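Residue numbers (the UniProt record's numbering): 1 to 387.
C-beta: ideal position from N, C-alpha, C; glycine also.
Given the structure is predicted, the values throughout are model-derived calculations rather than measurements.
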């Protein structure tokens with residue numbers, strides 16, 4: 001492709017958005033430009049890209065900044081001399097259009113469907129092919145609102161809508177998005193080059209990674225783990241993540257005296273998370289549909305990464321998770337809220353090393369065949385570039 005790819009996203013450098021980081025850094029390196037709403041801490045700023053970048057937050061700040069006295073006098077002088085009557089102050093949209101033209105953009109990939117709606121008009125005006133990529137809340141929480149369902153019908157005017165699983169594709173069909181606009185391209189992860197050593201430690205290390213929010217149900221996960229401890233006491237849980245439910249998590253650990261059995265590590269960069277995966281035995285995630293908002297998972301990248309590190313996964317029959325975790329082959333799935341069943345599966349894997357190893361290896365092979373980054377990259381480029 002002689003022209004460049006523009007990736008538009010709400011955030012640049014969000015720690016939890018490794019899937020967007022991969023798109024920006026590795027999808028078309030050297031031929032990618034980025035437009036983002038923000039790159040500021042605390043949410044953003046945890047990683048960056050080696051590419052031309054336009055930050056909307058900075059643009060708005062500069063455009064609304066009051067001119068200095070010196071500039072005001074200068075423009076008053078020009079006006080008096082009749083020299084600035086045709087001067088027009090650029091808008092954010094003007095600057096975005098100029099950025100796309102100047103950087104020779106030939107196709108746009110916009111992250112998150114609700115966010116993407118604001119940029120369809122720009123792409124149409126410049127005659128640039130436009131693809132919107134769904135990621136989770138935008139195909140669950142947003143679909144609970146009639147207002148957003150109506151707004152989403154504008155997606156019928158884009159060149160394509162990319163979904164990470166068939167579950168989300170079905171949901172968009174049901175609200176009136178044309179089938180020919182919908183393309184399922186699951187997330188992919190890098191397959192690490194390492195051979196997992198057989199653990200000789202008597203402690204079975206469980207690992208959970210994710211924001212502590214309602215749809216990831218950290219309390220249900222802890223309750224499952226606590227029940228498993230009653231069956232198999234030689235368990236330890238490393239829990240990586242932070243969020244609004246962290247205080248409740250700490251209270252639960254204290255109430256059930258789990259301080260020696262559960263270690264909280266807060267939010268960590270992806271490299272450190274992968275180090276924990278290399279040392280773990282079992283990966284846990286108890287995803288649910290948020291009872292208050294209806295928010296759901298898309299395709300949890302942490303689960304895919306765990307499978308790539310040969311970890312058996314215990315999770316739930318939720319959203320796109322069954323499209324990644326093959327029940328009784330690469331791990332176990334239980335119904336949402338069924339902490340007893342999850343505890344039993346944790347204990348089963350803790351007691352059976354051969355089963356743990358075989359499920360972990362099967363998961364790694366599944367990632368290699370169906371959910372690798374190379375496969376995602378190939379399919380995305382084929383769609384975006386038509387090659």
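Residue nearest to residue i in terms of C-alpha spacing, selected from the options
| i | options | result |
| --- | --- | --- |
| residue 11 | 3, 47, 127, 275 | 47 |
| residue 295 | 41, 117, 143 | 143 |
| residue 256 | 229, 345, 154 | 229 |
| residue 279 | 301, 297, 310, 265 | 310 |
| residue 114 | 9, 308, 14, 223 | 9 |
| residue 160 | 252, 52, 112, 253 | 112 |
| residue 370 | 247, 304, 356, 334 | 304 |
| residue 264 | 355, 240, 60, 357 | 240 |
| residue 102 | 121, 22, 166, 4 | 4 |
| residue 269 | 333, 118, 209, 129 | 209 |
| residue 334 | 324, 314, 349 | 314 |
| residue 18 | 285, 293, 301, 148 | 301 |
| residue 299 | 175, 184, 119, 41 | 184 |
| residue 312 | 336, 352, 41, 254 | 352 |
| residue 281 | 254, 336, 253, 238 | 238 |
| residue 365 | 349, 325, 344 | 325 |
| residue 372 | 33, 41, 164 | 164 |
| residue 33 | 45, 345, 41, 100 | 100 |
| residue 293 | 349, 41, 145, 162 | 145 |
Residue i beta carbon near the ligand GTP (any heavy atom closer than 7 Å)
| i | result |
| --- | --- |
| residue 111 | As for the ligand GTP, it is missing from this structure, which has no ligand bound. |
Cβ-based neighbour list, residue i, same chain, cut-off 6 Å, excluding 5 preceding and 5 following
| i | result |
| --- | --- |
| residue 231 | 347 |
| residue 363 | 307, 330 |
| residue 20 | 9, 111 |
| residue 368 | 191 |
| residue 217 | 286, 288 |
Sequence-distant residues of the same chain with beta carbon closer than 8 Å to residue i, five excluded per side
| i | result |
| --- | --- |
| residue 374 | 188 |
| residue 242 | 211, 212, 266, 267 |
| residue 250 | 264 |
| residue 156 | 176, 177, 178, 181 |
C-alpha gap between residue i and residue j, whole angstroms
| i | j | result |
| --- | --- | --- |
| residue 202 | residue 261 | 14 Å |
| residue 220 | residue 342 | 9 Å |
| residue 169 | residue 29 | 28 Å |
| residue 95 | residue 107 | 18 Å |
| residue 87 | residue 63 | Per-residue confidence for residue 87 stands at a pLDDT of 41, beneath the threshold of 50, marking its modelled position as unreliable; no derived number is given. |
| residue 276 | residue 283 | 10 Å |
| residue 223 | residue 91 | 52 Å |
| residue 125 | residue 53 | 21 Å |
| residue 59 | residue 98 | 13 Å |
| residue 360 | residue 104 | 45 Å |
| residue 43 | residue 14 | 6 Å |
| residue 56 | residue 117 | 15 Å |
| residue 172 | residue 215 | 20 Å |
| residue 186 | residue 166 | 9 Å |
| residue 297 | residue 323 | 12 Å |
| residue 121 | residue 93 | 10 Å |
| residue 27 | residue 233 | 45 Å |
| residue 204 | residue 381 | 41 Å |
| residue 179 | residue 150 | 17 Å |
| residue 246 | residue 387 | 46 Å |
| residue 419 | residue 206 | No answer is possible for residue 419: the residues shown for the chain start at 1 and end at 387. |
| residue 127 | residue 177 | 21 Å |
| residue 51 | residue 355 | 45 Å |
| residue 175 | residue 272 | 40 Å |
| residue 141 | residue 358 | 36 Å |
| residue 253 | residue 244 | 16 Å |
| residue 337 | residue 61 | 45 Å |
| residue 158 | residue 148 | 17 Å |
| residue 350 | residue 45 | 38 Å |
| residue 152 | residue 162 | 14 Å |
Residues of its chain near residue i, where Cβ-Cβ distance is below 7 Å and the 5 sequence neighbours each way are ignored
| i | result |
| --- | --- |
| residue 16 | 211 |
| residue 25 | 49 |
| residue 339 | 220, 223, 224, 227 |
| residue 109 | 5, 7, 23, 131, 133, 384 |
| residue 123 | 108, 130 |
| residue 248 | 219 |
| residue 194 | 278 |
| residue 258 | 226 |
| residue 154 | 117, 120 |
Interface flag, residue i vs chain C, CB-CB below 8 Å
| i | result |
| --- | --- |
| residue 284 | Absent from the structure: chain C. Only one protein chain is present. |
(message) Ignoring anything shorter than 4 residues, give me the alpha helix (DSSP H) runs that lie fully in the region 131-192, in order along the chain.
(response) 146-152, 166-174
(request) Please determine if the region 319-336 and the region 285-299 are in contact, where contact requires at least 3 C-beta pairs separated by less than 8 Å. (result) yes
(message) Under 8 Å, with one C-beta from each stretch per pair, do the region 36-47 and the region 130-148 reach the 3-pair mark?
(response) no
(message) Measuring CB atoms only, is the region 320-340 touching the region 375-386, in the sense that at least three cross pairs come out at less than 8 Å?
(response) no
(request) Quick one: which unbroken beta strand (DSSP E) runs of 3-plus residues sit fully inside the region 271-327? Chain order, please. (result) 282-284, 313-316
(request) Starting from the N-terminal side, write out each stretch of the alpha helix (DSSP H) that is 4 residues or longer and does not extend beyond the region 331-368. (result) Listed in chain order, they are 339-351.
(message) Going residue by residue through the region 213-269, where are the continuous alpha helix (DSSP H) segments of at least 4 residues, counting only ones entirely within it?
(response) 218-231, 246-255
(message) Threshold first: 3 residues or longer. Then list the beta strand (DSSP E) segments lying entirely within the region 7-60, N to C.
(response) 32-38, 53-55
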